[in-house]
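In the numbering used here, the protein residues as written are 30 to 571.
All C-beta atoms, glycine included, are put in the ideal place defined by N, C-alpha and C.
Here the structure is a predicted model, which means the values were calculated and not measured.
One structure is given below, encoded as C-alpha coordinates.
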(Lines of atoms letter the chains of each structure in order from A and count residues from 1; the text may use other names and numbers.)
(Lines give C-alpha, C1' and ligand atoms only; values in the text may rest on other atoms or scores of the structure.)
Protein backbone atom coordinates (compact mmCIF):
# COMPACT_ATOMS: atom_id res chain seq x y z
CA UNK A 1 0.00 0.00 0.00
CA UNK A 2 1.94 3.49 -0.63
CA UNK A 3 4.34 3.14 2.17
CA UNK A 4 3.30 -0.23 1.31
CA UNK A 5 1.39 -1.98 4.10
CA UNK A 6 3.67 -4.83 4.00
CA UNK A 7 3.59 -3.01 3.15
CA UNK A 8 4.95 1.74 2.90
CA UNK A 9 4.24 4.88 0.84
CA UNK A 10 4.35 8.63 0.33
CA UNK A 11 6.92 10.71 2.16
CA UNK A 12 9.59 8.16 1.46
CA UNK A 13 8.58 4.75 2.77
CA UNK A 14 8.04 1.60 0.77
CA UNK A 15 8.21 -2.15 0.89
CA UNK A 16 9.37 -2.42 -2.64
CA UNK A 17 12.20 -1.52 -4.94
CA UNK A 18 12.05 -4.47 -7.28
CA UNK A 19 9.19 -4.58 -9.83
CA UNK A 20 5.78 -5.50 -8.46
CA UNK A 21 6.18 -9.18 -9.38
CA UNK A 22 8.71 -9.53 -6.57
CA UNK A 23 7.05 -7.58 -3.75
CA UNK A 24 9.14 -7.27 -0.63
CA UNK A 25 6.71 -9.18 1.62
CA UNK A 26 8.24 -12.27 0.02
CA UNK A 27 11.66 -11.41 1.30
CA UNK A 28 13.05 -14.64 2.78
CA UNK A 29 10.62 -17.49 2.79
CA UNK A 30 13.54 -19.78 2.00
CA UNK A 31 15.49 -18.47 4.97
CA UNK A 32 12.48 -18.91 7.25
CA UNK A 33 12.03 -22.53 6.24
CA UNK A 34 15.72 -23.36 6.43
CA UNK A 35 16.15 -21.79 9.86
CA UNK A 36 13.73 -24.16 11.59
CA UNK A 37 15.34 -27.44 12.51
CA UNK A 38 14.18 -30.20 14.92
CA UNK A 39 12.35 -28.90 17.98
CA UNK A 40 14.41 -29.08 21.16
CA UNK A 41 12.55 -30.89 23.95
CA UNK A 42 13.61 -28.53 26.72
CA UNK A 43 14.58 -25.13 25.32
CA UNK A 44 16.22 -22.70 27.78
CA UNK A 45 14.79 -19.37 28.90
CA UNK A 46 14.81 -17.25 25.72
CA UNK A 47 15.04 -13.82 27.38
CA UNK A 48 18.85 -13.39 27.44
CA UNK A 49 19.18 -14.51 23.82
CA UNK A 50 16.32 -12.26 22.70
CA UNK A 51 17.93 -9.35 24.54
CA UNK A 52 21.15 -9.97 22.59
CA UNK A 53 19.28 -10.13 19.25
CA UNK A 54 17.36 -6.92 19.87
CA UNK A 55 20.24 -4.84 21.24
CA UNK A 56 21.78 -3.90 17.84
CA UNK A 57 18.41 -2.67 16.57
CA UNK A 58 18.12 -0.23 19.46
CA UNK A 59 21.78 0.76 19.59
CA UNK A 60 21.83 1.46 15.86
CA UNK A 61 18.53 3.41 16.13
CA UNK A 62 16.83 1.08 13.65
CA UNK A 63 13.96 0.58 16.10
CA UNK A 64 12.48 2.97 18.64
CA UNK A 65 10.22 0.51 20.49
CA UNK A 66 9.38 -3.20 20.27
CA UNK A 67 6.67 -5.35 21.82
CA UNK A 68 7.19 -9.10 21.37
CA UNK A 69 5.11 -12.19 22.12
CA UNK A 70 6.72 -15.64 22.18
CA UNK A 71 4.54 -18.78 22.15
CA UNK A 72 6.02 -22.20 22.89
CA UNK A 73 3.65 -25.03 23.72
CA UNK A 74 1.16 -23.78 26.29
CA UNK A 75 3.46 -20.95 27.38
CA UNK A 76 3.12 -17.34 26.20
CA UNK A 77 5.75 -14.79 27.13
CA UNK A 78 5.81 -11.02 26.50
CA UNK A 79 8.97 -8.95 26.15
CA UNK A 80 9.30 -5.23 25.45
CA UNK A 81 12.17 -2.92 24.53
CA UNK A 82 12.90 0.72 23.73
CA UNK A 83 10.47 3.60 24.01
CA UNK A 84 6.92 4.56 23.08
CA UNK A 85 8.40 7.41 21.06
CA UNK A 86 11.78 8.99 20.40
CA UNK A 87 12.74 10.98 23.49
CA UNK A 88 10.03 9.29 25.58
CA UNK A 89 10.93 7.67 28.90
CA UNK A 90 8.29 4.92 28.86
CA UNK A 91 8.81 1.41 27.43
CA UNK A 92 6.05 -0.33 25.46
CA UNK A 93 4.37 -3.36 27.02
CA UNK A 94 2.06 -6.19 25.96
CA UNK A 95 -0.91 -3.79 25.90
CA UNK A 96 0.69 -1.04 23.80
CA UNK A 97 -1.11 -0.56 20.47
CA UNK A 98 0.68 -0.45 17.10
CA UNK A 99 -0.46 -0.22 13.49
CA UNK A 100 -0.09 -3.74 12.07
CA UNK A 101 -0.37 -2.81 8.38
CA UNK A 102 -0.67 -5.75 6.01
CA UNK A 103 -1.09 -8.28 8.82
CA UNK A 104 -4.66 -7.00 8.50
CA UNK A 105 -4.90 -9.14 5.36
CA UNK A 106 -4.88 -12.40 7.32
CA UNK A 107 -7.92 -11.11 9.25
CA UNK A 108 -9.60 -10.29 5.95
CA UNK A 109 -8.85 -13.78 4.65
CA UNK A 110 -10.25 -15.32 7.86
CA UNK A 111 -13.42 -13.28 7.37
CA UNK A 112 -13.72 -14.79 3.89
CA UNK A 113 -13.29 -18.33 5.26
CA UNK A 114 -15.78 -17.69 8.07
CA UNK A 115 -18.41 -16.23 5.75
CA UNK A 116 -17.94 -19.20 3.43
CA UNK A 117 -18.49 -21.57 6.39
CA UNK A 118 -21.69 -19.69 7.21
CA UNK A 119 -22.90 -19.94 3.62
CA UNK A 120 -22.85 -16.16 3.17
CA UNK A 121 -20.35 -16.30 0.29
CA UNK A 122 -18.49 -18.96 -1.65
CA UNK A 123 -14.71 -19.03 -1.80
CA UNK A 124 -14.81 -19.22 -5.60
CA UNK A 125 -17.60 -16.70 -6.03
CA UNK A 126 -16.90 -13.84 -8.48
CA UNK A 127 -16.12 -10.63 -6.58
CA UNK A 128 -18.54 -8.95 -8.99
CA UNK A 129 -21.43 -10.53 -7.09
CA UNK A 130 -20.54 -8.48 -3.97
CA UNK A 131 -20.20 -5.15 -5.80
CA UNK A 132 -22.60 -2.65 -7.39
CA UNK A 133 -24.27 -3.61 -10.66
CA UNK A 134 -22.37 -2.69 -13.81
CA UNK A 135 -18.93 -3.86 -12.70
CA UNK A 136 -17.93 -6.86 -14.77
CA UNK A 137 -15.09 -8.67 -16.52
CA UNK A 138 -14.38 -7.88 -20.16
CA UNK A 139 -15.77 -10.48 -22.56
CA UNK A 140 -13.84 -13.72 -22.64
CA UNK A 141 -11.79 -13.05 -19.51
CA UNK A 142 -11.92 -15.27 -16.46
CA UNK A 143 -13.61 -13.37 -13.61
CA UNK A 144 -11.71 -12.46 -10.45
CA UNK A 145 -12.90 -14.66 -7.59
CA UNK A 146 -12.93 -13.88 -3.88
CA UNK A 147 -10.29 -16.56 -3.29
CA UNK A 148 -8.06 -14.93 -5.93
CA UNK A 149 -7.99 -11.77 -3.84
CA UNK A 150 -6.99 -13.68 -0.68
CA UNK A 151 -4.12 -15.47 -2.50
CA UNK A 152 -2.82 -12.51 -4.55
CA UNK A 153 -3.56 -14.32 -7.81
CA UNK A 154 -6.19 -11.89 -9.12
CA UNK A 155 -3.86 -10.12 -11.55
CA UNK A 156 -4.73 -6.78 -9.94
CA UNK A 157 -1.82 -4.34 -9.55
CA UNK A 158 -0.27 -3.53 -6.22
CA UNK A 159 -2.16 -0.23 -6.07
CA UNK A 160 -4.95 1.41 -8.12
CA UNK A 161 -3.76 4.06 -10.55
CA UNK A 162 -6.29 6.62 -9.28
CA UNK A 163 -4.83 6.80 -5.77
CA UNK A 164 -4.11 10.53 -5.48
CA UNK A 165 -4.41 11.46 -1.79
CA UNK A 166 -5.10 14.99 -0.69
CA UNK A 167 -2.69 14.37 2.18
CA UNK A 168 0.32 12.21 1.19
CA UNK A 169 1.01 11.56 4.89
CA UNK A 170 -2.37 9.79 5.14
CA UNK A 171 -2.63 8.19 1.69
CA UNK A 172 -5.67 5.91 2.07
CA UNK A 173 -8.00 8.18 4.02
CA UNK A 174 -9.78 9.62 0.99
CA UNK A 175 -9.72 6.55 -1.26
CA UNK A 176 -13.48 6.09 -1.09
CA UNK A 177 -15.71 3.28 -2.37
CA UNK A 178 -16.73 5.59 -5.21
CA UNK A 179 -13.13 5.95 -6.37
CA UNK A 180 -12.56 2.20 -6.03
CA UNK A 181 -15.67 1.44 -8.10
CA UNK A 182 -14.62 3.98 -10.73
CA UNK A 183 -11.25 2.27 -11.05
CA UNK A 184 -12.84 -1.18 -11.32
CA UNK A 185 -15.36 0.02 -13.91
CA UNK A 186 -12.50 1.25 -16.08
CA UNK A 187 -10.17 -1.69 -15.50
CA UNK A 188 -12.75 -4.48 -15.38
CA UNK A 189 -12.95 -7.49 -13.08
CA UNK A 190 -11.17 -9.98 -15.31
CA UNK A 191 -7.88 -11.73 -14.55
CA UNK A 192 -6.36 -10.65 -17.87
CA UNK A 193 -5.03 -14.24 -18.31
CA UNK A 194 -2.72 -13.76 -15.33
CA UNK A 195 -2.65 -16.83 -13.10
CA UNK A 196 0.51 -16.18 -11.09
CA UNK A 197 1.09 -14.69 -7.65
CA UNK A 198 1.56 -10.90 -7.53
CA UNK A 199 1.15 -9.22 -4.15
CA UNK A 200 -1.66 -6.65 -4.27
CA UNK A 201 -2.71 -4.22 -1.58
CA UNK A 202 -5.56 -3.29 -3.89
CA UNK A 203 -6.70 -6.92 -3.91
CA UNK A 204 -6.62 -7.19 -0.12
CA UNK A 205 -8.55 -3.96 0.23
CA UNK A 206 -11.08 -4.98 -2.40
CA UNK A 207 -11.70 -8.28 -0.60
CA UNK A 208 -12.47 -6.51 2.68
CA UNK A 209 -14.73 -4.05 0.86
CA UNK A 210 -16.62 -6.84 -0.94
CA UNK A 211 -17.15 -8.87 2.24
CA UNK A 212 -18.35 -5.81 4.19
CA UNK A 213 -20.87 -5.05 1.43
CA UNK A 214 -22.17 -8.62 1.47
CA UNK A 215 -22.48 -8.59 5.28
CA UNK A 216 -24.12 -5.15 5.31
CA UNK A 217 -21.80 -3.64 7.89
CA UNK A 218 -18.46 -1.83 8.07
CA UNK A 219 -15.21 -3.76 7.70
CA UNK A 220 -14.20 -2.94 11.28
CA UNK A 221 -17.57 -4.05 12.69
CA UNK A 222 -17.28 -7.31 10.77
CA UNK A 223 -13.80 -7.98 12.20
CA UNK A 224 -14.93 -7.14 15.73
CA UNK A 225 -18.04 -9.34 15.57
CA UNK A 226 -16.64 -12.33 13.70
CA UNK A 227 -12.99 -12.52 14.90
CA UNK A 228 -12.04 -10.26 17.80
CA UNK A 229 -15.09 -11.07 19.92
CA UNK A 230 -14.88 -14.87 19.62
CA UNK A 231 -11.08 -14.91 20.08
CA UNK A 232 -10.97 -12.44 22.99
CA UNK A 233 -9.09 -9.60 21.29
CA UNK A 234 -10.51 -6.36 22.74
CA UNK A 235 -7.68 -4.11 21.50
CA UNK A 236 -7.69 -5.06 17.81
CA UNK A 237 -9.56 -2.49 15.73
CA UNK A 238 -9.05 0.49 13.45
CA UNK A 239 -10.87 3.18 15.46
CA UNK A 240 -9.46 3.60 18.98
CA UNK A 241 -11.15 4.80 22.14
CA UNK A 242 -9.58 7.59 24.18
CA UNK A 243 -8.22 4.98 26.62
CA UNK A 244 -6.72 2.91 23.78
CA UNK A 245 -5.22 5.98 22.16
CA UNK A 246 -3.36 6.67 25.40
CA UNK A 247 -1.69 3.25 24.90
CA UNK A 248 -0.92 3.84 21.20
CA UNK A 249 2.81 3.93 20.40
CA UNK A 250 3.81 6.92 18.28
CA UNK A 251 5.02 5.94 14.82
CA UNK A 252 8.50 7.13 13.84
CA UNK A 253 10.19 7.48 10.46
CA UNK A 254 13.69 6.15 9.72
CA UNK A 255 15.18 9.38 11.09
CA UNK A 256 13.31 9.04 14.39
CA UNK A 257 10.84 11.80 13.55
CA UNK A 258 7.06 11.53 14.08
CA UNK A 259 4.76 10.47 11.25
CA UNK A 260 1.01 10.53 10.78
CA UNK A 261 -1.15 7.54 11.56
CA UNK A 262 -3.01 6.08 8.62
CA UNK A 263 -6.77 6.01 8.18
CA UNK A 264 -8.62 3.88 5.66
CA UNK A 265 -11.83 4.01 3.71
CA UNK A 266 -12.50 1.54 0.87
CA UNK A 267 -9.20 -0.35 1.27
CA UNK A 268 -9.47 -1.03 5.02
CA UNK A 269 -9.10 -4.78 4.45
CA UNK A 270 -5.52 -4.25 3.28
CA UNK A 271 -4.09 -2.57 6.37
CA UNK A 272 -6.43 -0.66 8.69
CA UNK A 273 -6.05 -2.61 11.94
CA UNK A 274 -4.17 -1.65 15.10
CA UNK A 275 -3.41 -4.24 17.76
CA UNK A 276 -1.28 -5.23 20.77
CA UNK A 277 1.17 -8.06 21.37
CA UNK A 278 -1.33 -9.55 23.82
CA UNK A 279 -4.16 -9.58 21.28
CA UNK A 280 -1.92 -10.87 18.50
CA UNK A 281 -0.67 -13.64 20.80
CA UNK A 282 -4.31 -14.68 21.23
CA UNK A 283 -4.68 -14.70 17.45
CA UNK A 284 -1.56 -16.83 16.99
CA UNK A 285 -2.74 -19.17 19.77
CA UNK A 286 -6.02 -19.65 17.90
CA UNK A 287 -4.07 -20.56 14.76
CA UNK A 288 -1.89 -23.00 16.68
CA UNK A 289 -4.94 -24.74 18.16
CA UNK A 290 -8.00 -23.98 16.01
CA UNK A 291 -10.07 -26.73 17.65
CA UNK A 292 -10.14 -24.74 20.89
CA UNK A 293 -11.93 -21.84 19.17
CA UNK A 294 -15.36 -21.13 17.67
CA UNK A 295 -13.64 -20.47 14.33
CA UNK A 296 -12.02 -23.87 13.96
CA UNK A 297 -13.16 -24.74 10.42
CA UNK A 298 -12.52 -21.22 9.09
CA UNK A 299 -9.03 -21.06 10.60
CA UNK A 300 -8.15 -24.47 9.18
CA UNK A 301 -9.32 -23.30 5.75
CA UNK A 302 -6.91 -20.33 5.85
CA UNK A 303 -3.93 -22.65 6.41
CA UNK A 304 -4.34 -24.70 3.22
CA UNK A 305 -1.75 -23.80 0.53
CA UNK A 306 -3.48 -22.75 -2.69
CA UNK A 307 -0.87 -21.27 -5.05
CA UNK A 308 2.86 -20.92 -5.53
CA UNK A 309 4.64 -17.63 -4.90
CA UNK A 310 7.70 -16.19 -6.60
CA UNK A 311 10.01 -17.71 -3.95
CA UNK A 312 11.27 -21.26 -4.62
CA UNK A 313 9.00 -23.72 -2.77
CA UNK A 314 7.05 -20.81 -1.30
CA UNK A 315 3.25 -20.97 -1.31
CA UNK A 316 0.30 -18.80 -0.39
CA UNK A 317 -2.74 -19.91 1.60
CA UNK A 318 -5.76 -17.70 2.32
CA UNK A 319 -3.84 -14.64 3.53
CA UNK A 320 -0.91 -16.53 5.06
CA UNK A 321 2.40 -17.08 3.30
CA UNK A 322 3.62 -20.66 3.64
CA UNK A 323 7.30 -21.47 4.19
CA UNK A 324 9.22 -23.91 1.99
CA UNK A 325 8.94 -26.63 4.63
CA UNK A 326 5.14 -26.48 4.42
CA UNK A 327 4.78 -25.98 8.18
CA UNK A 328 5.40 -22.27 8.63
CA UNK A 329 2.66 -19.64 8.20
CA UNK A 330 3.61 -15.95 8.35
CA UNK A 331 2.78 -12.40 7.33
CA UNK A 332 4.35 -9.01 7.85
CA UNK A 333 3.10 -5.45 7.62
CA UNK A 334 4.42 -1.92 7.32
CA UNK A 335 2.90 1.54 7.38
CA UNK A 336 4.45 4.99 7.64
CA UNK A 337 5.87 4.54 11.13
CA UNK A 338 5.40 0.88 12.06
CA UNK A 339 6.45 -2.65 11.13
CA UNK A 340 4.89 -5.93 12.26
CA UNK A 341 5.69 -9.61 11.87
CA UNK A 342 3.58 -12.63 12.83
CA UNK A 343 4.48 -16.30 12.30
CA UNK A 344 3.67 -19.76 13.69
CA UNK A 345 4.57 -23.41 13.18
CA UNK A 346 1.79 -25.79 14.27
CA UNK A 347 3.95 -28.90 13.99
CA UNK A 348 6.19 -27.61 16.77
CA UNK A 349 3.66 -25.41 18.57
CA UNK A 350 5.77 -22.28 18.14
CA UNK A 351 4.62 -18.73 17.43
CA UNK A 352 6.02 -15.22 17.45
CA UNK A 353 4.68 -11.67 17.24
CA UNK A 354 6.92 -8.61 16.78
CA UNK A 355 5.38 -5.11 16.77
CA UNK A 356 7.57 -2.06 16.22
CA UNK A 357 6.95 1.68 15.98
CA UNK A 358 9.72 2.12 13.39
CA UNK A 359 9.39 1.16 9.70
CA UNK A 360 12.29 -1.27 9.37
CA UNK A 361 12.41 -4.57 7.51
CA UNK A 362 14.87 -5.86 10.12
CA UNK A 363 11.79 -6.66 12.20
CA UNK A 364 11.14 -9.52 9.76
CA UNK A 365 14.67 -10.81 10.17
CA UNK A 366 14.29 -10.62 13.95
CA UNK A 367 11.05 -12.61 13.76
CA UNK A 368 12.69 -15.20 11.52
CA UNK A 369 15.39 -15.76 14.13
CA UNK A 370 13.02 -15.86 17.10
CA UNK A 371 11.28 -19.03 15.90
CA UNK A 372 14.39 -21.26 15.86
CA UNK A 373 15.58 -19.51 19.03
CA UNK A 374 12.36 -20.66 20.72
CA UNK A 375 13.18 -24.19 19.60
CA UNK A 376 16.48 -23.94 21.46
CA UNK A 377 18.58 -23.73 18.31
CA UNK A 378 21.63 -21.55 17.69
CA UNK A 379 20.93 -18.42 15.66
CA UNK A 380 23.30 -15.89 14.15
CA UNK A 381 23.14 -12.26 15.33
CA UNK A 382 21.18 -9.78 13.26
CA UNK A 383 23.21 -8.17 10.53
CA UNK A 384 22.64 -4.50 11.27
CA UNK A 385 24.46 -2.35 8.70
CA UNK A 386 26.62 0.49 9.97
CA UNK A 387 26.23 3.93 8.42
CA UNK A 388 29.44 5.58 7.20
CA UNK A 389 30.13 9.29 6.71
CA UNK A 390 30.57 10.02 2.98
CA UNK A 391 31.61 13.31 1.38
CA UNK A 392 28.79 15.05 -0.56
CA UNK A 393 30.98 15.12 -3.68
CA UNK A 394 31.20 11.32 -3.60
CA UNK A 395 27.42 11.08 -3.18
CA UNK A 396 26.96 13.44 -6.14
CA UNK A 397 28.67 10.86 -8.35
CA UNK A 398 25.75 8.48 -7.67
CA UNK A 399 23.03 10.91 -8.76
CA UNK A 400 21.27 9.81 -11.93
CA UNK A 401 18.65 7.49 -13.42
CA UNK A 402 19.23 3.74 -13.67
CA UNK A 403 17.27 1.26 -15.81
CA UNK A 404 16.53 -1.88 -13.73
CA UNK A 405 13.95 -3.38 -16.08
CA UNK A 406 11.78 -2.26 -19.02
CA UNK A 407 9.61 0.55 -17.68
CA UNK A 408 11.26 0.34 -14.26
CA UNK A 409 13.79 3.09 -13.42
CA UNK A 410 15.49 4.00 -10.15
CA UNK A 411 16.15 7.73 -9.84
CA UNK A 412 18.87 8.68 -7.36
CA UNK A 413 18.98 12.21 -5.95
CA UNK A 414 20.99 14.01 -3.30
CA UNK A 415 20.20 16.50 -0.53
CA UNK A 416 23.39 17.69 1.12
CA UNK A 417 24.97 14.64 2.75
CA UNK A 418 21.95 12.38 2.11
CA UNK A 419 21.19 10.18 -0.87
CA UNK A 420 17.69 9.09 -1.94
CA UNK A 421 16.30 6.58 -4.42
CA UNK A 422 12.86 6.54 -6.01
CA UNK A 423 11.75 3.66 -8.24
CA UNK A 424 9.03 3.94 -10.86
CA UNK A 425 5.62 4.21 -9.20
CA UNK A 426 7.06 3.99 -5.69
CA UNK A 427 7.85 6.46 -2.89
CA UNK A 428 11.27 7.93 -2.26
CA UNK A 429 13.62 6.07 0.10
CA UNK A 430 16.72 7.28 1.85
CA UNK A 431 19.88 5.31 0.93
CA UNK A 432 22.32 4.94 3.83
CA UNK A 433 26.02 4.51 2.97
CA UNK A 434 28.04 1.60 4.34
CA UNK A 435 30.97 2.61 2.09
CA UNK A 436 31.44 5.02 -0.84
CA UNK A 437 29.83 2.43 -3.15
CA UNK A 438 27.54 0.28 -0.96
CA UNK A 439 24.24 1.66 0.37
CA UNK A 440 21.30 0.13 2.21
CA UNK A 441 17.64 0.95 2.86
CA UNK A 442 16.12 0.85 6.30
CA UNK A 443 12.52 0.31 5.22
CA UNK A 444 13.29 -2.38 2.64
CA UNK A 445 15.59 -5.39 2.87
CA UNK A 446 17.70 -4.16 -0.04
CA UNK A 447 21.19 -2.86 -0.78
CA UNK A 448 22.65 -0.99 -3.74
CA UNK A 449 26.20 -1.11 -5.07
CA UNK A 450 27.26 1.73 -7.37
CA UNK A 451 29.83 0.79 -10.03
CA UNK A 452 31.99 3.84 -10.68
CA UNK A 453 34.16 4.89 -13.61
CA UNK A 454 37.72 6.24 -13.38
CA UNK A 455 36.37 9.69 -12.49
CA UNK A 456 34.31 8.40 -9.58
CA UNK A 457 30.98 8.83 -11.37
CA UNK A 458 28.60 5.86 -11.18
CA UNK A 459 28.11 4.22 -14.57
CA UNK A 460 25.73 1.53 -13.28
CA UNK A 461 24.40 -0.03 -10.10
CA UNK A 462 23.45 -3.42 -8.69
CA UNK A 463 20.25 -3.78 -6.64
CA UNK A 464 20.69 -6.62 -4.12
CA UNK A 465 17.27 -7.85 -3.02
CA UNK A 466 15.50 -11.18 -2.44
CA UNK A 467 18.71 -13.06 -3.19
CA UNK A 468 19.05 -11.40 -6.60
CA UNK A 469 21.56 -8.94 -7.99
CA UNK A 470 19.73 -6.77 -10.51
CA UNK A 471 21.98 -4.63 -12.75
CA UNK A 472 20.93 -1.12 -13.71
CA UNK A 473 22.91 0.83 -16.29
CA UNK A 474 22.88 4.59 -15.96
CA UNK A 475 20.58 6.34 -18.44
CA UNK A 476 21.51 9.40 -20.42
CA UNK A 477 19.83 12.62 -19.39
CA UNK A 478 16.47 13.24 -20.95
CA UNK A 479 15.49 16.68 -22.23
CA UNK A 480 11.87 16.32 -23.14
CA UNK A 481 8.69 17.39 -21.43
CA UNK A 482 5.47 15.50 -20.98
CA UNK A 483 2.74 15.50 -23.58
CA UNK A 484 0.73 18.68 -23.35
CA UNK A 485 3.63 20.75 -22.04
CA UNK A 486 4.85 23.84 -23.87
CA UNK A 487 8.13 25.64 -23.48
CA UNK A 488 8.14 29.38 -23.12
CA UNK A 489 10.83 31.85 -24.15
CA UNK A 490 12.40 31.56 -20.72
CA UNK A 491 12.78 27.79 -21.10
CA UNK A 492 10.07 27.07 -18.54
CA UNK A 493 7.50 24.34 -19.17
CA UNK A 494 3.81 24.97 -18.77
CA UNK A 495 1.29 22.12 -18.43
CA UNK A 496 -2.47 22.00 -18.54
CA UNK A 497 -3.76 19.32 -16.17
CA UNK A 498 -7.17 17.85 -15.56
CA UNK A 499 -8.56 17.85 -12.03
CA UNK A 500 -7.44 14.27 -11.40
CA UNK A 501 -4.02 14.94 -12.87
CA UNK A 502 -3.59 18.05 -10.77
CA UNK A 503 -4.47 16.09 -7.66
CA UNK A 504 -2.00 13.36 -8.56
CA UNK A 505 0.64 15.95 -9.39
CA UNK A 506 0.13 17.71 -6.07
CA UNK A 507 0.55 14.36 -4.31
CA UNK A 508 3.83 13.63 -6.05
CA UNK A 509 5.18 17.15 -5.54
CA UNK A 510 4.48 16.81 -1.82
CA UNK A 511 6.12 13.38 -1.87
CA UNK A 512 9.26 14.85 -3.43
CA UNK A 513 9.55 17.22 -0.48
CA UNK A 514 13.09 18.59 -0.31
CA UNK A 515 14.61 16.69 -3.22
CA UNK A 516 16.39 18.39 -6.11
CA UNK A 517 12.93 19.37 -7.33
CA UNK A 518 12.52 23.18 -7.53
CA UNK A 519 9.23 23.96 -9.18
CA UNK A 520 8.91 26.03 -12.37
CA UNK A 521 11.67 28.58 -11.91
CA UNK A 522 14.80 26.45 -11.43
CA UNK A 523 16.48 23.66 -13.35
CA UNK A 524 15.48 20.24 -12.02
CA UNK A 525 14.36 16.74 -12.83
CA UNK A 526 11.36 15.00 -11.28
CA UNK A 527 9.35 11.99 -12.43
CA UNK A 528 5.59 12.05 -11.91
CA UNK A 529 3.54 8.91 -11.48
CA UNK A 530 0.18 8.00 -9.95
CA UNK A 531 -1.90 8.79 -13.02
CA UNK A 532 0.19 11.57 -14.57
CA UNK A 533 2.26 10.90 -17.67
CA UNK A 534 5.93 10.86 -16.73
CA UNK A 535 7.45 14.28 -17.25
CA UNK A 536 11.02 15.49 -17.19
CA UNK A 537 11.95 19.11 -16.68
CA UNK A 538 15.07 20.50 -18.33
CA UNK A 539 18.44 19.94 -16.69
CA UNK A 540 21.28 22.43 -16.36
CA UNK A 541 22.76 23.15 -19.75
CA UNK A 542 19.82 21.78 -21.76
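When secondary structure is reduced to three states using DSSP, residue 188 falls in the coil class, being assigned neither helix nor strand. Between residue 288 and residue 280, the C-beta gap is smaller than 7 Å, which places the two residues in contact. DSSP, read as helix, strand or coil, puts residue 232 in helix. Assignment of residue 96 by DSSP, reduced to helix, strand and coil, places it in the strand class. Counted as a single uninterrupted DSSP element, the alpha helix (DSSP H) harbouring residue 137 occupies residues 133 to 146.
Here residue 128 carries a strand assignment [DSSP, helix/strand/coil]. In this structure the stretch 116 to 131 touches the stretch 363 to 373; the number of beta carbon pairs closer than 8 Å is three or more. Contact annotation: residue 265 and residue 213 have beta-carbon atoms that are not nearer than 7 Å. The Cβ atoms of residue 310 and residue 98 sit closer than 7 Å to each other.
For the pair residue 143 and residue 327, the Cα-to-Cα distance works out to about 5 Å. For residue 459, the number of other beta carbons within 10 angstroms of its own is at least 16, and it is reported as buried. With a threshold of 16 other beta carbon atoms within 10 Å, residue 249 meets it and is buried. Three or more Cβ pairs closer than 8 Å define a contact, and the stretch 146 to 165 meets that threshold against the stretch 231 to 241.
In its chain, beyond the 5 residues on either side, 419, 423 have a beta carbon closer than 7 Å to the beta carbon of residue 465. As a beta-bridge residue in DSSP terms, residue 478 pairs with 467, 491. Annotation: residue 367 is outside any alpha helix (DSSP H) and is labelled neither H nor E by DSSP.
A straight line joining the alpha-carbon of residue 452 with that of residue 109 spans about 35 Å. Around the C-beta of residue 193, 16 or more other C-beta atoms lie within 10 Å, and the residue is accordingly described as buried. The continuous stretches of beta strand (DSSP E) do not include residue 393, which lies in the alpha helix (DSSP H) extending over residues 391 to 403. Note on geometry: alpha-carbon atoms of residue 447 and residue 230 lie some 30 Å from one another. By the 16-neighbour rule on beta-carbons within 10 angstroms, residue 167 is exposed. With respect to residue 395, residue 91 sits apart: the two C-beta atoms are not nearer than 7 Å.
For residue 104, no alpha helix (DSSP H) encloses it; the enclosing beta strand (DSSP E) starts and ends at 104 to 111.
Rounded to the nearest angstrom, the gap between the Cα atoms of residue 355 and residue 320 is 20 Å. The straight-line gap separating the alpha-carbon atoms of residue 350 and residue 151 is approximately 22 Å. C-alpha of residue 253 to C-alpha of residue 201: approximately 21 Å in a straight line. The Cβ atoms of residue 475 and residue 455 lie no closer than 7 Å to each other.
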